[in-house]
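For reference, the structure is listed below as structure tokens.
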Amino acid sequence: MTQKAYLETPLGIATISGDENGVVSVSVTQQSTDKPSKEIHPYIQEACTQLKEYFDGKRTVFDLKLNPSGTEFQKKVWEELLHIPFGKTATYLDMAKKLGDPKCIRAAASANGKNPLWIIVPCHRVIGSDGSLTGYAGGLWRKKWLLDHENPVKQQSLF
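Below, the structure is given as structure tokens:
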């Protein structure tokens, strides 16, 4: 049986869903009208803990049992996203090349947009080839916030 928990974050309310097989989804909204599950599976509780640590600046890598639903291709894309390090970005073209076919760029971008595990599978780290912040289901302002959170060092003028 799927259970839900909610976590207040700087970007909205995170809804964490899962069951005995792992975390199924993490999404964000401005508010939630659903009630949390009375009993929370340890996988969901651990996801809440690790997300809080991420937002507190104490975690750069997630170590969770994940169980997202998707096609084999989508799962392949999501697996590849896990290889983009904290504080770094990759382009959609980079992703397509790593998947073995630069022509699958649109399919890879589409799968990226269907990622059900917000932040944990870091689709926010994928940007346009020109460096632009393109295509983020949670809103580009959230993508910018996440990238700034992961790479807070700004260039400073000497003068």
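For the sequence shown, the numbering used here assigns the number 32 to the initial residue and increments by one for each residue that follows.
Ideal Cβ positions, reconstructed from N, Cα and C, are used throughout, including at glycine.
Query, Result
"What's the C-alpha gap between T120 and P99?", "23 Å"
"Start and end of the beta strand (DSSP E) containing G144?", "Careful: G144 lies outside any beta strand (DSSP E), inside the alpha helix (DSSP H) at I136 to G144."
"Can you tell me which residues form a DSSP beta bridge with E39?", "I44"
"I'd like to confirm the pairing. Which residues does DSSP put opposite I158 in its beta bridges?", "T122"
"Which one of A36, T165, L38 and V55 has the shortest CA to CA distance from P147?", "V55"
"Whole angstroms is fine: what's the gap from M126's alpha carbon to Y85's?", "24 Å"
"Which residue marks the beginning of the beta strand (DSSP E) containing T60, and which one marks its end?", "G53 to T60"
"What did DSSP end up calling D179 once you bin it into helix, strand or coil?", "helix"
"Contact defined as beta carbons within less than 8 Å: I believe G49 pairs with A78. What is the distance between those atoms, to the nearest angstrom?", "7 Å"
"Counting C-beta neighbours from all protein chains within 10 Å, is the total for K174 16 or more, i.e. buried, or is it exposed?", "buried"
"Whose C-alpha, out of Y123, P183 and P133, is nearest the C-alpha of G166?", "Y123"
"Since A36 and I47 are thought to touch, with beta carbons under 8 Å apart, how far apart are those beta carbons, to the nearest angstrom?", "5 Å"
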